[in-house]
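Note that numbering that gives the first Met the number 0 has the sequence shown beginning at 0, numbered continuously upward.
Quick notes on the structure that follows.
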Amino acid sequence: MYKLFRSSIITAFRKKAVTMPTAALSMVLVVAVLAGNASTSSAYGSNPFNLNNSAPVPVTTPTAESIYQSESMELPPSIGSFIILIANEAHESWQDERHKLITDKNSYYIPKNLRIPQGTTLSFLNADAPWDTPHPQTIEIIDDRGETVYSTGVLEYANSSRPIVLPVGNYTIVNTEYEATEGTISVTREKSNGNLVMGGFYTPSIQVENNRDNDGGVHPGSLKYYRAEFPKNGFQILSEYNFTYGTCDYCPGEYWPDNKTDNHTLIIFATEQPLSDALVKLKKLVKDNVYV
């Protein structure tokens, strides 16, 4: 069974020139120590934690708030893999149907702009839920010469792409199926030396009134639910950020009905388990969400 880690969170700020939009990022300092038994204690505590029985190791990562506000994220070398979430409603047009998106920040990918050390493994996870029809996604990564260096192939709902390690360079994330805004990936010369898996996730901040899909199936997803289920599945919630997005003038509550609410939370998580195991568990957690 995978051991959970708890984190002590220290907020700091730093500025760094990057190829993505520059931002002063609030950072989460996770001090790792050995966790004995699985526990639902999460990032709200200040319990230290040991990686593989080693001495305490600091892991500095951006907070959910800074990622949301800046639409940017820079990974430390201690992160070995990152899962890029394709957000719900990612099939909607940025130009014509922006009001249908879950947010106008990191609308299509978490995050929109990603900076990683070389050697970091990447995978895409499709969380764009079906309503009446499915919304498969095909994502391509384009290098600075305009050449496609990677394609996810067709990703059905809750499925993930084969992992990829990109060479040093600057890349563009392109959705070949829908009119989504582009994302960016910058791979630096700094080398990844860790094995932590990290990613982001959207959920309603509270349990919505209508948590059923069109076939009557019940979906329990909410922040309270995921605060319990992420640790049960070997994930640590590092930080959270609540936001409100409702710009649909003709919709009840001013939010697009497929999103079930205008109050959502961005969760940033990490785990020590292998990427393949994490993706299997995330598939179920995605399907538990109410965005159907």
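Beta carbons: idealized from backbone N, C-alpha and C, even for Gly.
For His-263 versus Phe-229, is the C-beta distance shorter than 8 Å?
no
Once DSSP output is grouped into helix, strand and coil, what is the label at Pro-61?
strand
Roughly how many whole angstroms lie between the Cα atoms of Ser-69 and Thr-260?
23 Å
Determine the burial state of Pro-256: buried for a count of at least 16 other Cβ atoms within 10 Å of its Cβ, exposed for fewer.
exposed
Got a sec, what are the start and stop residues for the alpha helix (DSSP H) Pro-230 sits in?
222-231
Near Tyr-249, what residues of its chain come up, given a Cβ to Cβ distance below 7 Å and the 5 sequence neighbours on each side ignored?
none
Nearest-angstrom Cα distance between Thr-137 and Val-153?
5 Å
Restricting to Cα atoms, I'd like to know which of Ile-101, Tyr-107, Phe-234, Arg-97 is closest to Leu-124.
Tyr-107
According to DSSP, is Ala-23 helix, strand or coil?
Residue placement at Ala-23 is flagged as unreliable, the pLDDT there being 37, under the threshold of 50; the coordinate-derived value follows with that caveat. If DSSP states are grouped into helix, strand and coil, Ala-23 belongs with coil.
Per the contact definition of three or more C-beta pairs closer than 8 Å, is the region 90-110 in contact with the region 272-285?
no
DSSP on His-90, reduced to helix/strand/coil?
coil
Mapping the DSSP letters down to three states, classify Glu-73 as helix, strand or coil.
strand
Please return the same chain residues whose Cβ sits closer than 8 Å to the Cβ of Pro-133, not counting the five positions on each side in sequence.
Glu-155, Tyr-156
Taking the alpha-carbon positions, what's the Val-148 to Tyr-290 distance?
31 Å
Please name the residue in Lys-282, Glu-239, Lys-280, Phe-268 whose C-alpha comes closest to that of Tyr-67.
Glu-239
Name the DSSP beta bridge partners of Glu-239, please?
Ile-266
Let me check understanding here. Comparing Cα to Cα, which of Glu-146, Glu-189, Ala-227 lies closest to Val-173?
Glu-146
Close beta carbons around Ile-184, own chain, < 6 Å, minus the five adjacent residues each side:
Leu-113, Tyr-170
Using a Cβ-Cβ cut-off of 7 Å (strictly less than) and excluding sequence neighbours within five positions of Val-17, which residues of its own chain qualify?
Here the model assigns Val-17 a pLDDT of 37, short of 50, so the residue's position is not dependable, and the following value carries that caveat. Once the five neighbours on either side are set aside, the close Cβ partners of Val-17 are Glu-73, Arg-114, Ser-185.
Cβ neighbours of Gly-118 in the same chain (closer than 7 Å, five flanking residues each side left out)
Val-164, Lys-190, Ser-191
Can you tell which of Glu-139, Ala-63, Thr-59, Ile-82 has the C-alpha that lies nearest to the C-alpha of Lys-280?
Ile-82
Give me the Cα-Cα distance between Glu-208 and Ser-221, rounded to the nearest whole angstrom.
11 Å
When DSSP builds the beta bridges, which residues end up paired with Pro-256?
In the DSSP output, where bridge partners are listed per residue, Pro-256 has none listed.
When the Cα atoms are used, what is the spatial distance from Cys-247 to Ser-80?
36 Å
Among the residues of its own chain, which have a CB less than 7 Å from the CB of Ile-101, if the five just before and after it don't count?
Ala-86, Asn-87, Glu-88, Tyr-201, Tyr-244, Asn-258, His-263
Rounded separation between Glu-176 and His-90 - CA only:
8 Å
Leaving out five residues before and five after Tyr-179 in sequence, what residues of the same chain have Cβ atoms less than 7 Å from its Cβ?
Correcting the residue type first, residue 179 is Ala in the shown sequence and not Tyr. These residues qualify, in order along the chain: Ala-89, Trp-93, Tyr-107.
Assign Asp-287 to buried or exposed, taking buried as 16 or more other Cβ atoms, counted over all protein chains shown, within 10 Å of its Cβ.
buried
Apart from the five residues just before and just after Gly-168, which ones in its own chain have a Cβ nearer than 7 Å to its Cβ?
Asp-142, Asp-143, Val-186
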